[in-house]
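Since the structure comes first, as structure tokens, the remarks are kept for the end.
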Amino acid sequence: MNDITFTVAGNVVKDVELRFTNSGDPVASFRVAMSSRRYDRATERWVDSDTHYFSVSCWRDLAHNVVQSITKGMPVVVYGKLRSREVPRPCGESSHIMRFHDIEAIAVGPDLSRGVATFTRVKRGAA
762 MNDITFTVAG NVVKDVELRF TNSGDPVASF RVAMSSRRYD RATERWVDSD
812 THYFSVSCWR DLAHNVVQSI TKGMPVVVYG KLRSREVPRP CGESSHIMRF
862 HDIEAIAVGP DLSRGVATFT RVKRGAA
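The opening position of the sequence shown corresponds to residue 762 in our numbering, with each subsequent residue numbered one higher.
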């Protein structure tokens, strides 16, 4: 199966949570929201598109780095593998299926179009 790689720039809307798998691998997770803006010449105003939310998971060394670097409200750029899943809606709701989009992150960083950052290289022990 070919993976779909995907890049999203948005804001972190949920604090980073760190958990560990049964085998001891660290996994950090958070949510990112993004929406596009366009200028409407007729109304002379900026108009936001629909907001899209993505659940992001980060594994191993990336998980440790994200926990120490990323906070709620921060503008970020996330690059990773896009995963989609469908979940049945509860009875009585308009559509029968809800679609969720998750990203298994390969790289995460601050959005430097919206601020400045400093970088600290992390030394890890040999595996």
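C-beta atoms are modelled at their ideal positions from N, C-alpha and C, and glycine is treated no differently.
These numbers come from a predicted model, not from an experiment.
Best match in HIS813, ILE864, GLY870 for proximity to VAL828 [C-alpha to C-alpha]: Per the C-alpha coordinates, the member of HIS813, ILE864, GLY870 positioned closest to VAL828 is GLY870.
Please state whether DSSP places ARG806 in a helix, a strand or coil. Looking at ARG806 - three-state DSSP - the assignment turns out to be strand.
In angstroms with no decimal places, state the Cα-to-Cα distance between ILE858 and PHE880. Each residue's Cα considered, the two are about 42 Å apart.
Drop a sphere of 10 angstroms on the beta-carbon of ALA866, count the other beta-carbons inside from all chains shown, and report buried for 16 or more, exposed for fewer. A residue is called buried once 16 or more other Cβ atoms fall within 10 Å of its Cβ, and ALA866 is buried on that count.
Inter-residue spacing [alpha-carbon to alpha-carbon] between ARG885 and THR812: Between the alpha carbons of ARG885 and THR812 lies a gap of roughly 37 Å.
Beta-carbon gap between GLU778 and SER790 smaller than 8 Å: Closer than 8 Å, so yes.
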